[in-house]
Each structure stands twice: as C-alpha cells, then as structure tokens.
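Going down the list, the sequences are from chains A and B.
Heads up: the first sequence begins at 27 in the numbering used here, then just goes up one per residue.
Heads up: the second sequence begins at 6 in the numbering used here, then just goes up one per residue.
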Amino acid sequence: MGRYILRRLLQMIPVVLGVTILVFTIMYFTPGDPVKMMLGPDATYDQIEEMRDRLGLNDTYFVRLGKFLGNIIFHFDFGESWVYNTPVTTELLNRLPRTLTITALCILLQVILGTPLGIIAALDRNGWGDRIGMFIALFGVSMPNFWVALMLVLFFSVKLGWLPPFGLGGIQYYILPCIANAFPGIATQARQTRSSMLEVIRSDYITTARSKGMSEMRILMRHALPNALLPVITVIGNGMGMMLAGTVVIEMIFAIPGVGWYLVGGINSRDYAIVQSSVIFLALAFASVMLLVDLVYAFIDPRIKARFAGQTRRKHHSWRKQHV
Amino acid sequence: MFSVASTEGKIPRVKKQSEFVAVARRLSKNSSAVIGFVVAVLLVLMAIFAPLIAPYPYDKQDLLHSRAAPSAEHIFGTDELGRDIFSRIVYGSRFSLSIGFLAVLFSSGIGMLLGATAGYFGGVVDDLIMRLIDVIQSIPHILLAIAISVVLGPGFFNTLLALGFGMITMACRLTRAAVLGVRHQEYLEAATSINASTARIIFRHVLPNSFSPLLVSASMSIGNVIMAAAMLSFIGLGVQPPLPEWGSMIAGGRSLIRSCPWMVTFPGIFIMLAVLSLNMFGDGLRDALDPKLKK
Numbered sequence: 027m028g029r030y031i032l033r034r035l036l037q038m039i040p041v042v043l044g045v046t047i048l049v050f051t052i053m054y055f056t057p058g059d060p061v062k063m064m065l066g067p068d069a070t071y072d073q074i075e076e077m078r079d080r081l082g083l084n085d086t087y088f089v090r091l092g093k094f095l096g097n098i099i100f101h102f103d104f105g106e107s108w109v110y111n112t113p114v115t116t117e118l119l120n121r122l123p124r125t126l127t128i129t130a131l132c133i134l135l136q137v138i139l140g141t142p143l144g145i146i147a148a149l150d151r152n153g154w155g156d157r158i159g160m161f162i163a164l165f166g167v168s169m170p171n172f173w174v175a176l177m178l179v180l181f182f183s184v185k186l187g188w189l190p191p192f193g194l195g196g197i198q199y200y201i202l203p204c205i206a207n208a209f210p211g212i213a214t215q216a217r218q219t220r221s222s223m224l225e226v227i228r229s230d231y232i233t234t235a236r237s238k239g240m241s242e243m244r245i246l247m248r249h250a251l252p253n254a255l256l257p258v259i260t261v262i263g264n265g266m267g268m269m270l271a272g273t274v275v276i277e278m279i280f281a282i283p284g285v286g287w288y289l290v291g292g293i294n295s296r297d298y299a300i301v302q303s304s305v306i307f308l309a310l311a312f313a314s315v316m317l318l319v320d321l322v323y324a325f326i327d328p329r330i331k332a333r334f335a336g337q338t339r340r341k342h343h344s345w346r347k348q349h350v
Numbered sequence: 006m007f008s009v010a011s012t013e014g015k016i017p018r019v020k021k022q023s024e025f026v027a028v029a030r031r032l033s034k035n036s037s038a039v040i041g042f043v044v045a046v047l048l049v050l051m052a053i054f055a056p057l058i059a060p061y062p063y064d065k066q067d068l069l070h071s072r073a074a075p076s077a078e079h080i081f082g083t084d085e086l087g088r089d090i091f092s093r094i095v096y097g098s099r100f101s102l103s104i105g106f107l108a109v110l111f112s113s114g115i116g117m118l119l120g121a122t123a124g125y126f127g128g129v130v131d132d133l134i135m136r137l138i139d140v141i142q143s144i145p146h147i148l149l150a151i152a153i154s155v156v157l158g159p160g161f162f163n164t165l166l167a168l169g170f171g172m173i174t175m176a177c178r179l180t181r182a183a184v185l186g187v188r189h190q191e192y193l194e195a196a197t198s199i200n201a202s203t204a205r206i207i208f209r210h211v212l213p214n215s216f217s218p219l220l221v222s223a224s225m226s227i228g229n230v231i232m233a234a235a236m237l238s239f240i241g242l243g244v245q246p247p248l249p250e251w252g253s254m255i256a257g258g259r260s261l262i263r264s265c266p267w268m269v270t271f272p273g274i275f276i277m278l279a280v281l282s283l284n285m286f287g288d289g290l291r292d293a294l295d296p297k298l299k300k
C-alpha cells in the first residue's frame with residue numbers, strides 16, 4: 027500500500043509540471059501589453075520599459091517560464107495581479123474555502139441523490155422506475171448549469187421568495203448554487219450507478235447468493251452494492267472536476283467571492299495574470315482531488331491492494347479477475 | 006447476359022449497405038433515439054432556413070415595444086432593445102449548432118490522427134503523445150477552453166478552436182485503443198506484405214475498422230460542446246453580442262430576470278432541446294452500433 031501511495035505521488039510531479047507549462051505557454055501568446063494597462067495611457071516610454079524590466083516581461087520565454095515554475099514550486103507564489111498589483115496567491119487561498127464548500131456540498135448532493143436514483147433504475151430495469159429515473163438523468167446532463175441556476179433563482183427567490191438570490195451568509199445562501207451546480211453530477215452518478223449495478227446483478231456470485239435462499243434485500247446490501255459502488259468512486263472524482271469548473275459561472279451568478287468569480291473578474295478586467303493563475307490553481311486542485319480519489323479507491327478495493335502485496339495474494343488476484 | 010449484369014450491379018451495393026442498414030434498423034426501433042434524431046434534424050433545418058422562419062431580422066430594434074411579454078406578435082417576447090427573442094433564437098441556432106458540429110469534427114480529426122499515430126507506431130512516439138494527452142486531460146475542459154479563448158479573443162472560429170482543443174484527448178484515446186485492438190489482425194499483415202504505405206494502411210485499413218467507438222463519443226460530445234459554447238458566451242468570451250448566441254442572450258437577460266424572465270427562459274429551453282436531442286440520439290447510436298453493450 028505504501029508503495030502504491032508513493033508511486034501515485036511521484037506520478038503527480040509530471041502532471042503538475044505539465045499543466046503549469048501548458049497553461050503558461052498558452053497564455054504566453056495573449057495579445058496586448060499588460061504594462062500599458064497597468065500604467066495607463068499617460069505613461070512615458072521610460073516608465074513602461076522600467077516596469078517591463080521589473081516584471082521580467084523583457085526576458086525570453088524560457089526564463090519567464092523558469093521563474094514562474096520556480097515561484098510556484100518553491101514559494102507557492104502565483105505572481106501578481108496586473109490591475110491591482112496584489113499577490114494572486116493570497117487572494118486564491120482566501121477564496122478557496124468558499125469554492126471548496128460549494129464543491130463538497132455538490133458532491134454530497136450528487137452521492138445522496140444520484141446513487142439511490144441509479145439503484146432504483148437498475149432494480150426496476152426497463153420498468154417505469156427505470157424509465158422515469160433515466161429520463162430525469164438525461165434532462166440533468168442536458169441543461170447548462172448557469173441556466174438551471176437562473177431558473178432556480180427565478181422560481182425560489184423571485185416567485186416564492188424562499189431563498190436569497192445571491193450573496194454570502196448562512197447555509198441558505200449555498201442551497202441554490204449547490205443544487206444548480208450538482209444537477210449534471212447527480213444525473214451522471216445515477217447513470218453510472220445504474221450501469222454498474224446492472225453488471226453486478228448478472229454476476230455468478232449473485233446467482234449463488236440467491237440459490238442459497240438469501241433474501242433479496244440482504245443480497246442487495248451485502249453483495250451487490252459494495253461491488254457496484256466501487257467504479258462509481260471514479261465518477262465522484264470526475265464529478266469533482268466538473269463541479270470545480272462549474273463554480274466559475276455559479277459563483278458569478280450568485281455573487282459568491284470564490285476562485286471562480288475571481289477568474290471571471292480577471293477575464294472582464296483583462297487581468298490575464300489572474301486568469302492564468304486561477305486556471306492553474308483550479309487544475310492543481312483537481313489533480314489533488316483525483317489523487318485522493320485514487321488512494322481511497324485503492325484503500326477500499328482489495329484487488330488494488332493485493333497487487334502491491336505479496337506473491338500469494340497476487341495469484342489470488344489474477345484468479346478473481348478471471349472468475350469474478 | 007441480363008442476369009450477369011444485374012448480379013454485378015447488386016453485389017457491391019449489398020455489401021456496402023449491410024452494416025449501415027443493420028445499424029439504422031436497430032436505431033429506428035429505439036423510440037427515444039428516433040425522437041432525438043427528429044428534433045435534432047428540425048433544429049438543423051431551423052438553422053439553415055433561419056431567414057424564412059424568423060418573423061423579424063435578429064437585430065431589428067423596436068424601442069416602442071421593448072421588454073414586451075410573449076404575445077401573438079412576439080411569441081417569445083422582446084428584449085431590452087425591442088428585438089424579437091424568437092427570431093434571435095432561430096438565428097442563434099446557427100452559431101450553437103455549427104460550433105457544436107465543427108468543434109467535434111475538428112477535435113475528432115486531430116485526435117484520430119494523433120491516436121492512430123500513437124497506437125500504430127508505439128514506443129517513444131506513443132509515450133510522447135500520450136503524456137501530452139494526459140496533461141491536457143488533467144485540466145478541466147471548460148477551464149482550458151477559457152484560457153485558450155482569452156488568448157485567441159472572441160469570435161466564431163476562435164471559440165471553435167478553444168472548445169475543440171480540449172476534446173482532442175477523447176478522440177485520441179479511443180482511436181489509440183481501437184488501433185491497438187486491430188493492430189495484429191491478419192488483414193494488416195496482408196496489407197504490409199503487398200507493400201502498402203504506412204499512411205495507406207492507417208487511413209484505409211486501421212481507421213475504418215476502429216471507427217465506431219469514436220462515432221458514438223463524437224455524437225455524445227456535440228451536446229457538451231454546445232453547452233460549453235453557451236457558457237463561454239455567458240461569461241463574456243466566445244461569440245459576442247450583438248450576434249444572437251444563445252448563451253450571450255441568457256447573459257443579456259440576467260439582470261432583467263425579475264421583470265422579464267422570458268429573456269432568460271426561452272434561449273435556455275432551446276439549449277436544452279438541442280443538447281437533449283443529441284444525447285438521446287447518441288445513446289441510441291451507442292446501443293445500435295454495439296448490441297452487445299445493451300444490457
């Protein structure tokens with residue numbers, strides 16, 4: 027297990043480097059001169075040149091990339107905002123908890139609503155429960171989250187007046203953003219749970235359990251669910267990525283000062299240092315979540331654990347793979 | 006003599022149709038796929054014949070009737086400048102649908118080439134391409150699209166490129182896996198033995214035989230691209246006003262949601278219709294192309 031964790035941690039390094047280099051390289055080609063924007067239209071040529079030197083904008087691509095990478099890796103410093111001249115990292119870290127709260131609540135919603143929906147659909151295969159459940163799921167993945175958000179605001183805030191339409195405050199301020207952002211996640215989760223459940227239900231060990239007279243409920247809880255939910259964990263990881271990215275518009279609509287809104291603000295004020303850093307920051311957050319999901323997966327699934335254990339276990343593993 | 010001629014005429018035609026006809030037949034039995042297909046075709050027709058369908062030009066302002074609620078004259082109402090929302094939606098379908106189709110076409114094309122190269126040659130080439138794909142894939146698609154779209158600036162083709170770039174990964178992975186699957190088949194050995202060039206082997210033999218998973222994933226991605234394109238315009242990138250893109254129409258109506266909710270509701274319904282119909286069709290296509298998968 028320790029070896030697996032170590033290997034997985036080492037695999038993170040090229041991903042982190044790759045993501046940073048890729049986004050930096052893309053953003054390197056941004057047209058326009060940040061310095062002219064920072065100093066305004068009245069700046070003299072000397073002032074502009076001085077500023078360019080100070081920011082290192084006159085360096086070559088490789089020097090700038092090296093500095094940027096070095097600052098992130100050794101100092102966890104994402105640079106400065108062009109417009110406000112403030113360090114981006116402090117902003118990002120201050121805003122991160124709000125974004126993470128939304129993401130975590132969304133994942134919670136996804137799991138507690140999506141999983142039962144998928145199980146019901148699988149157990150009632152081709153019946154009405156299945157049809158209705160999958161139809162809802164199909165709708166869920168087909169609606170853009172920002173539109174769902176606006177419709178929820180229209181109904182629950184404007185028409186009914188039950189929930190605040192935007193802003194920060196108690197938990198009631200998080201309800202609408204989270205439902206809107208979790209919608210596609212719930213649907214994906216339901217579809218994935220259903221197909222994984224259908225696969226498990228047809229396995230031999232379920233037939234065996236049935237043939238020895240086990241009750242259907244017990245078969246479901248003891249044998250079917252634990253096996254069916256394993257692949258679903260991966261969906262949760264992907265869902266995290268979707269929700270993190272989704273917070274960009276959701277935070278903007280509900281005026282929640284998180285990383286996503288910061289990113290949109292950067293786009294609107296043409297402060298591309300903010301855009302670059304926020305994208306990298308969110309991508310790194312996503313990579314860390316995926317790492318966590320993989321580790322949890324390995325911890326829960328005995329087959330992965332066995333791959334890194336002794337020889338006898340490994341034989342056992344190959345046997346199971348053939349027969350299960 | 007007649008019989009000879011007729012068999013000659015028949016054999017190739019039957020051979021060519023068999024697979025396609027079988028898939029089409031299975032597809033036609035799936036009612037949700039048929040509904041999806043019909044709605045998608047209707048939307049495409051709406052985009053093509055937009056000038057005939059739309060009652061007003063998309064940019065015609067009528068300030069006397071601004072912010073009008075839906076009525077017989079303006080069935081979806083008008084926006085803050087008095088422009089007819091239905092007409093704008095009809096014209097907007099041109100942007101949304103074509104960005105969806107073209108971005109997927111672009112990413113599938115590049116992804117197929119990369120994936121086929123990686124799978125066919127293996128070794129260092131494979132490693133290089135796949136590590137690059139790994140990196141692209143570890144950035145959430147919409148964030149990558151935002152970054153590229155910031156660099157390229159607004160506009161139809163730039164949006165198309167920004168959205169297509171991140172999706173190269175899926176086509177590449179699928180093609181690579183499929184190529185690895187057919188790589189050691191006898192017909193490739195036969196092709197090599199008659200001295201066919203590598204390019205010919207890849208284009209004539211490898212790709213056609215690994216096409217169906219790609220087709221399914223492409224048909225499912227079109228809907229996602231349409232949603233992502235709408236989101237880009239919603240946050241102020243992508244296709245810009247005054248062009249009637251569905252996402253930017255929703256953004257425009259956002260501040261007026263209390264007084265004129267129709268400005269937000271109707272464009273969203275059309276995004277949903279387009280994505281839903283394509284997803285229904287894609288689901289059906291997956292089942293039809295691989296009957297074994299349907300459980």
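Don't be surprised by glycine CBs; every beta carbon is placed ideally from N, CA and C.
List, in order along the chain, the chain B residues whose C-beta lies closer than 7 Å to that of residue i?
i                : result
Ser168 (chain A) : Gly228, Met277, Val280, Leu281, Asn284
Thr56 (chain A)  : Val155, Val156
Using beta carbons (cut-off 9 Å, strictly below), is residue i in contact with chain B?
i                : result
Val258 (chain A) : no
Ile52 (chain A)  : yes
Asn253 (chain A) : no
Ala313 (chain A) : yes
Gln198 (chain A) : no
Val114 (chain A) : no
Met268 (chain A) : yes
Leu48 (chain A)  : yes
Residue i touches chain A at which residues, Cβ-Cβ below 8 Å?
i                : result
Arg2 (chain B)   : The question about residue 2 (chain B) has no answer, for chain B in this structure spans 6 to 300.
Ser222 (chain B) : Simply none; closest approach about 14 Å.
Ile151 (chain B) : Val274, Leu289, Ile293, Val301, Val305
Assign residue i to one of three DSSP states: helix, strand, or coil.
i                : result
Met38 (chain A)  : helix
Gln348 (chain A) : With a pLDDT of only 43 at Gln348 (chain A), under the threshold of 50, the placement of this residue in the model should not be trusted; the figure read from the coordinates follows. If DSSP states are grouped into helix, strand and coil, Gln348 (chain A) belongs with the helices.
Glu85 (chain B)  : coil
Glu106 (chain A) : strand
Pro252 (chain A) : helix
Val19 (chain B)  : Caution is warranted here: a pLDDT of 49 is assigned to Val19 (chain B), below 50, making its placement in the model unreliable, and the coordinate value is therefore given only provisionally. Residue state, collapsed to three classes: helix.
Pro247 (chain B) : coil
Pro213 (chain B) : helix
Pro257 (chain A) : helix
Pro62 (chain B)  : coil
Pro113 (chain A) : strand
Met51 (chain B)  : helix
Asp131 (chain B) : helix
Thr233 (chain A) : helix
Flag residue i as yes if its beta-carbon sits less than 9 Å from any beta-carbon of chain A, otherwise no.
i                : result
Gly4 (chain B)   : Outside the displayed range of chain B (6 to 300) lies residue 4 (chain B), so it cannot be described from this structure.
Leu242 (chain B) : yes
Asp139 (chain B) : yes
Pro266 (chain B) : yes
Ser172 (chain B) : With the sequence shown as reference, residue 172 (chain B) is identified as Met, and Ser is not the correct amino acid for it. Chain A, which has no Cβ nearer than 9 Å to the Cβ of Met172 (chain B), makes this no.
Ser33 (chain B)  : no
Pro145 (chain B) : yes
Gly257 (chain B) : no
Phe216 (chain B) : no
Name, please, each residue of chain B whose Cβ falls closer than 9 Å to the Cβ of residue i.
i                : result
Leu164 (chain A) : Ser37, Leu281, Asn284, Met285, Asp288
Met278 (chain A) : Phe239, Ile240
Ends of the alpha helix (DSSP H) at residue i?
i                : result
Cys204 (chain A) : 198 to 227
Met285 (chain B) : 267 to 294
Ala69 (chain A)  : It is not in any alpha helix (DSSP H) - Ala69 (chain A) carries neither H nor E in the DSSP assignment.
Leu166 (chain B) : 161 to 187
Leu117 (chain B) : In the sequence as presented, Leu is not what sits at residue 117 (chain B); that position holds Met. From DSSP, the alpha helix (DSSP H) with Met117 (chain B) extends over 90 to 126.
Ser224 (chain B) : 217 to 239
Ile156 (chain B) : In the sequence under discussion, the amino acid at residue 156 (chain B) is Val, which differs from the Ile named in the question. Note, Val156 (chain B): alpha helix (DSSP H), 146 to 157.
Met240 (chain A) : Neither: Met240 (chain A) is in no alpha helix (DSSP H) and is coded neither H nor E.
Trp154 (chain A) : 154 to 168
Trp173 (chain A) : 171 to 178
Using a cut-off of 7 Å between C-beta atoms, extract the partners of residue i located in chain A.
i                : result
Leu148 (chain B) : Ala271, Val305, Leu308, Ala309
Run down chain A in chain order and give the residues with a C-beta less than 9 Å from the C-beta of residue i.
i                : result
Phe126 (chain B) : The premise fails here: Phe126 (chain B) is roughly 21 Å from chain A at the closest Cβ pair, so nothing lies under 9 Å.
Met3 (chain B)   : As displayed, chain B neither begins before 6 nor continues past 300, which places residue 3 (chain B) out of reach and without an answer.
Would you say the beta carbon of residue i comes nearer than 8 Å to a heavy atom of the ligand GDP?
i                : result
Leu194 (chain A) : Absent from the structure shown: the ligand GDP. Ligands present: none.
Please list the partners that residue i has in chain B, where partner means a Cβ-to-Cβ separation under 8 Å.
i                : result
Tyr298 (chain A) : Val155
* Asked: Quick check: the stretch 202 to 213 of chain A against the stretch 161 to 180 of chain A, are there 3 or more CB pairs under 8 Å?
  -> yes
**Prompt:** Taking contact to mean at least 3 C-beta pairs separated by less than 8 Å, is the stretch 196 to 211 of chain B in contact with the stretch 242 to 250 of chain B?
**Reply:** no
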